[in-house]
Amino acid sequence: MKKRFALVLFLVCTWGEFPAHAQIVAAAAGVDADDFAYTGDKGPGFWAELHDKHGKDFLACAPSPSARQSPIDINTVVEDPGLGPLEVRFVQAPFVMKNLGYTIQATPAFGSSLTLDGRSYSLLQFHFHTLSEHTVAGRHGVMELHLVFKHSDADFAVIGVLYRVGRPNAFLKTLIEAGLPEKTTSPDVAVMPDLEKALTDASQYFTYPGSLTTPPCSPVVTWLVLKQWAELSPEQFEAFRKILGNDFRPLQNPNSRVVHATVRRWPFDAVQPSTTP
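Mature numbering (1 follows the signal peptide of the UniProt record, and there is no 0) puts the sequence shown at residues -22 to -1, 1 to 255.
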């Protein structure tokens, strides 16, 4: 008899029971927009030769036969009956949206969480890439959402949601109506997104060991890429695309890594081909 699992979604409005905003922001701090780029002499092909303002190198970004870099093309998977729906504990909280120069990122005032293999991961931030970074059977989405969770400095989990053009998206609508920050000099934007609406079917996903997709490219991520793509309207896509441009890292060699998938159907009946409008 197959085990049945349930996605756990809690909406909590209590302010005093969670880590301070400053603690979460500090934990999520990364490199600056000046440290790397997606084109030119600071583009992805040169990331391994660069370093941040503190002198920390990005050597992990270099390709090698043993590298576990992300993103990858998901085209061959091993179904794993032991994988159940993602246990996500969403907290209704205010977020601060910033333009970092290489993405739009939103950081929570206090934490939602993900439980994975018995470990608890705190939501640090979410951000976007256009086009999608991961591909499925060679197909790009027009955009990809990353929800970044942290257990420790050496243990992150990222939920990836790919988008195709279609119907308007309620989650993105909230962000756009709040006012997407168009420049790094734009004021921070306060927003109260409904994270439950950010996910599609959290019981169906691909998972593999990988890395951060921006420098320092640390190989410390368990990737959880949802099989079912979300939709967004052409107008919503354009609102993000005109700000983000092409902020996606090229596909990396999977090397000997195995992509595991929840058991159901191979996603071609859930995933639709996507084209840039």
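Glycine included, C-beta positions come from ideal geometry on N, C-alpha and C.
Quick caveat: nothing in here was measured; it's all calculated off a predicted structure.
Please work out which residues of its chain come closer than 7 Å, Cβ to Cβ, to H112, disregarding the five sequence neighbours upstream and downstream, and give them in chain order.
Same-chain partners within the cutoff: P49, I50, I52, E122, G138, L140 and V203.
Give the C-beta separation of A38 and P194 to the nearest angstrom, bearing in mind that I take them to be a contact with Cβ-Cβ under 8 Å.
6 Å
What residue from T85, G223, G21 and G60 has the CA that sits closest to L173's CA?
For the options T85, G223, G21 and G60, the alpha carbon positioned closest to that of L173 is the one of T85.
Nearest residue (CA-CA) to S181, options L222, T108 and V241:
Proximity to S181 across L222, T108 and V241 peaks at V241, based on C-alpha coordinates.
So does the stretch 157 to 173 actually touch the stretch 69 to 84, counting three or more Cβ pairs closer than 8 Å?
Flag = yes, the stretch 157 to 173 and the stretch 69 to 84 touch.
Take the Cβ of N147 as the centre, count every other Cβ of all protein chains shown within 10 Å, and call the residue buried at 16 or more, exposed below.
buried
Element boundaries [alpha helix (DSSP H), containing R219]
Residues P212 to L222.
Please name the residue, chosen from S90, V136, L109 and T200, that lies closest to F218 on a Cα-to-Cα basis.
L109
DSSP on D58, reduced to helix/strand/coil?
D58 falls in the coil class under three-state DSSP.
Reduced DSSP category for V160 - H, G, I as helix; E, B as strand; rest coil:
The question names Val, but residue 160 is Glu in the sequence shown. Per DSSP, reduced to three states, the secondary structure at E160 is coil, with no helix or strand assignment.
Alpha-carbon spacing of L190 relative to S196, whole angstroms:
Their Cα atoms are separated by approximately 6 Å.
Report, in whole angstroms, the separation of the C-beta atoms of F134 and V198, which I expect to be a contact under 8 Å.
5 Å
Distance, P59 Cα to D13 Cα:
42 Å
Which of the three DSSP states is assigned to A71 in this structure?
coil
With W201 as the anchor, note down where its beta strand (DSSP E) starts and where it stops.
V199 to L204
Is the separation between the beta-carbon of L125 and that of A87 shorter than 8 Å?
Against a cut-off of 8 Å, the Cβ pair of A87 and L125 comes out as no contact.
What's the gap between the Cα of V136 and the Cα of R227?
16 Å
D205, buried or exposed, once every other Cβ within 10 Å from all chains shown has been counted against 16:
Note that residue 205 corresponds to Lys in the displayed sequence, not to Asp. Under this definition K205 is a buried residue.
Bridge partner(s) assigned by DSSP for H124:
H105 and G138
Tell me which residue opens and which closes the beta strand (DSSP E) that Y16 is part of.
For Y16, there is no enclosing beta strand (DSSP E), as DSSP gives it neither H nor E.
Out of curiosity, what's the CA-to-CA distance linking A115 and P43?
22 Å
Would DSSP call F184 helix, strand or coil?
The answer is strand: DSSP assigns F184 an E or B state.
Identify which residue in N233, G144 and T185 has its Cα closest to the Cα of Q214.
Checked all of N233, G144 and T185; the closest Cα to Q214 is G144.
Reduced DSSP category for E111 - H, G, I as helix; E, B as strand; rest coil
Here DSSP, grouped into helix, strand and coil, assigns E111 to coil.
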